[in-house]
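The sequence shown: position 116 = 116 (the working numbering), numbered continuously. Note that beta-carbon positions come from the ideal geometry of N, C-alpha and C, so glycine has one too. Model, not experiment: these values are computed from the prediction. Report on the structure given below.
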Amino acid sequence: MTMPTSTTSQIELKDFRLATHIGTYAPGDTVPEYHALDLTLWIHSDLVLIAQDGMAHVFDYDPLVIEIERLAADGLYETQERLMTRIVQACAAYTAIEALDIGLRKFPVRAGSGFLGVRLAVDGAQLQRMRDDRR
Numbered sequence: 001m002t003m004p005t006s007t008t009s010q011i012e013l014k015d016f017r018l019a020t021h022i023g024t025y026a027p028g029d030t031v032p033e034y035h036a037l038d039l040t041l042w043i044h045s046d047l048v049l050i051a052q053d054g055m056a057h058v059f060d061y062d063p064l065v066i067e068i069e070r071l072a073a074d075g076l077y078e079t080q081e082r083l084m085t086r087i088v089q090a091c092a093a094y095t096a097i098e099a100l101d102i103g104l105r106k107f108p109v110r111a112g113s114g115f116l117g118v119r120l121a122v123d124g125a126q127l128q129r130m131r132d133d134r135r
């Protein structure tokens, strides 16, 4: 097993089913039963390796999860990519997030089987550009 050369910290949200409506479908098309989100956030290790217990010493992800739920329920999306973009923008609002990997997938694709998804990795430089654009 190869050990990392530096300390990294991640917060992972996996298989999070979103109450969302994505896409338009003609009669006879397979309509997804659900969309699931995978989100990995890289944060500074000082927010995980803590000297004392308490929310003041860690990254509080609950407000972000609530915002993701709000964005997902915010009307009809034509594409998965638009919802993903809005979630990435929400993540950029948190300076503690140094980078992220996001995946959104739907089930089923056809005839009751298969997942189809989109994945995006966003580095710190891109997150910073998004933060700068908000100003």
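Go through the stretch 51–77 residue by residue and report every complete run of the alpha helix (DSSP H) that reaches 4 residues or more, in order.
62–72
Beta-carbon contacts of H44 that lie in its chain and below 8 Å, excluding the five residues immediately before and after
S9, A96, E98
Of the listed residues A26, I102, L83, T20, nearest to D123 (C-alpha basis):
I102
Whole angstroms are fine: how far does the CA of A92 sit from the CA of Q128?
7 Å
Using a 10 Å radius around the Cβ and a threshold of 16 neighbouring Cβ atoms, would you call P27 buried or exposed?
exposed
Buried or exposed, going by whether 16 or more other CB atoms sit within 10 Å of the CB of Y77?
buried
Same chain, Cβ closer than 8 Å to L120, neighbours up to 5 away in sequence not counted
M84, V88, D101, I102, G103
Measure the beta-carbon distance from L47 to V31 and round it to whole angstroms, keeping in mind my assumption that it falls under 8 Å.
Not quite, the Cβ-Cβ distance comes to about 40 Å (not below 8 Å), so this is no contact.
Classify R134 as helix, strand or coil using the three-state DSSP reduction.
helix
Which ranges does the beta strand (DSSP E) cover as unbroken runs of at least 3 residues, wholly within the stretch 91–129, from first to last along the chain?
97–107, 116–122
Could you check how far apart the C-beta atoms of E81 and V109 are, in whole angstroms? I think they sit under 8 Å.
Wrong, their Cβ atoms sit about 17 Å apart, outside the cutoff.
Would you mind stating whether L142 and I68 have Cβ atoms separated by less than 8 Å?
Outside the shown range of the chain, which is 1 to 135, sits residue 142, and nothing can be said about it.
Between A73 and T20, how many whole angstroms is the CB-CB distance? I'm expecting something under 8 Å.
6 Å
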